[in-house]
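The next block holds one structure in the form of C-alpha cells; read it before the comments.
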Amino acid sequence: MNEDLQKRIQQAIANPQNMGELADADAIGTVGNSDCGEMLRMWVKFKQQDGKRVIDRATFQSFGCETAIAVASLATELIRGKTAEEALALKPEELAGEIGPLPPMKIHCSQLVEGALRSALSPQAETCLKPTEPKPGESAIAPTLLDSFSKPKAGGVKIQFLD
Numbered sequence: 001m002n003e004d005l006q007k008r009i010q011q012a013i014a015n016p017q018n019m020g021e022l023a024d025a026d027a028i029g030t031v032g033n034s035d036c037g038e039m040l041r042m043w044v045k046f047k048q049q050d051g052k053r054v055i056d057r058a059t060f061q062s063f064g065c066e067t068a069i070a071v072a073s074l075a076t077e078l079i080r081g082k083t084a085e086e087a088l089a090l091k092p093e094e095l096a097g098e099i100g101p102l103p104p105m106k107i108h109c110s111q112l113v114e115g116a117l118r119s120a121l122s123p124q125a126e127t128c129l130k131p132t133e134p135k136p137g138e139s140a141i142a143p144t145l146l147d148s149f150s151k152p153k154a155g156g157v158k159i160q161f162l163d
C-alpha cells in the first residue's frame with residue numbers, strides 16, 4: 001500500500017465518524033466475509049425532507065481492518081441526505097470517497113461496506129425491532145455482531161454472507 005493511501009486511511013481511522021449502534025434505526029444490514037473474518041453492520045435512520053424519504057443518519061459497527069472502518073466512516077457521511085435509491089446507486093469506489101482508489105487487496109473493504117448498505121436498504125430488509133429487556137451479555141438495541149454470526153436468531157436482522 002502506498003504511503004499517501006496509508007496516510008489518508010490513518011486520518012480517517014484516527015477520527016472515525018458514526019461508529020456504534022443507532023437505537024432508533026429504521027433498518028439494519030449486516031454482512032460478513034468468512035475469508036478474512038471481517039463483519040460489518042450498518043444502522044440507517046430516515047426522515048422526510050422535501051416530500052422524499054432520505055437518510056437522516058447512518059452508523060456502523062465493524063470487526064475488520066482499519067481500511068474497512070475508514071471506508072464505513074466515510075460512507076455513513078456520504079449517504080446522509082440521499083434517498084435509498086441514490087445511496088444504492090453508489091459504487092464501492094465512491095463509498096471509499098476521499099481515501100481514493102484502494103489497492104486490489106483492499107477492494108473487499110469497500111465491497112463489505114456496500115454489502116451492509118445494500119442489506120439495510122433492500123426492500124426485503126428487516127426493520128429494527130423495538131427494544132426489549134436484554135438478556136445478560138446482550139445489547140438492548142440489537143444482537144452484537146458476534147451474536148448474529150454465532151447463534152441462530154429469528155427476524156429483526158438480515159444477514160447476507162459475501163462470496
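If you count the sequence shown from 1, position 108 lands on 108 in this note's numbering, and the numbers rise without skipping. We treat Cβ as the ideally placed atom computed from N, Cα and C, and that holds for glycine. These figures come from a predicted structure and were not determined experimentally.
query: What separation, rounded to the nearest whole angstrom, lies between the Cα atoms of arginine 118 and alanine 84?; result: 9 Å
query: With C-beta atoms as the reference, is alanine 63 less than 8 Å away from glutamate 98?; result: Just to set this straight, residue 63 is phenylalanine in the shown sequence, not alanine. No, these two residues do not count as a Cβ contact at 8 Å.
query: I'd like to check one pair, lysine 52 with aspartate 26: are the Cβ atoms closer than 8 Å?; result: no
query: On the three-state DSSP scale, how would you describe arginine 80?; result: coil
query: For isoleucine 13 and proline 123, what's the separation of their Cα atoms in angstroms?; result: 31 Å
query: Express the C-alpha separation of valine 31 and leucine 121 in angstroms, rounding to a whole number.; result: 13 Å
query: Write down every uninterrupted run of the alpha helix (DSSP H) in the region 85-117 whose length is 4 residues or greater and which is fully enclosed by it, in chain order.; result: 92-95
query: Could you check the C-alpha separation between glutamate 21 and phenylalanine 60 for me, to the nearest Å?; result: 7 Å
query: With DSSP run on the structure shown, which of helix, strand or coil describes serine 122?; result: coil
query: Over what stretch of residues does the beta strand (DSSP E) that includes glycine 40 continue unbroken?; result: Looking at the sequence provided, one finds leucine at residue 40 rather than glycine. Here the beta strand (DSSP E) through leucine 40 covers 38-49.
query: Quick one: is proline 92 buried, meaning 16 or more other Cβ sit within 10 Å of its Cβ, or exposed?; result: buried
query: Name the DSSP beta bridge partners of glutamine 61, please?; result: Arg41
query: For alanine 23, does the three-state DSSP call read helix, strand or coil?; result: coil
query: Between the C-alpha atoms of glutamate 77 and glycine 100, what's the straight-line distance to the nearest angstrom?; result: 15 Å
query: For glutamine 10, does the count of other Cβ atoms within 10 angstroms reach 16, so buried, or fall short, so exposed?; result: exposed
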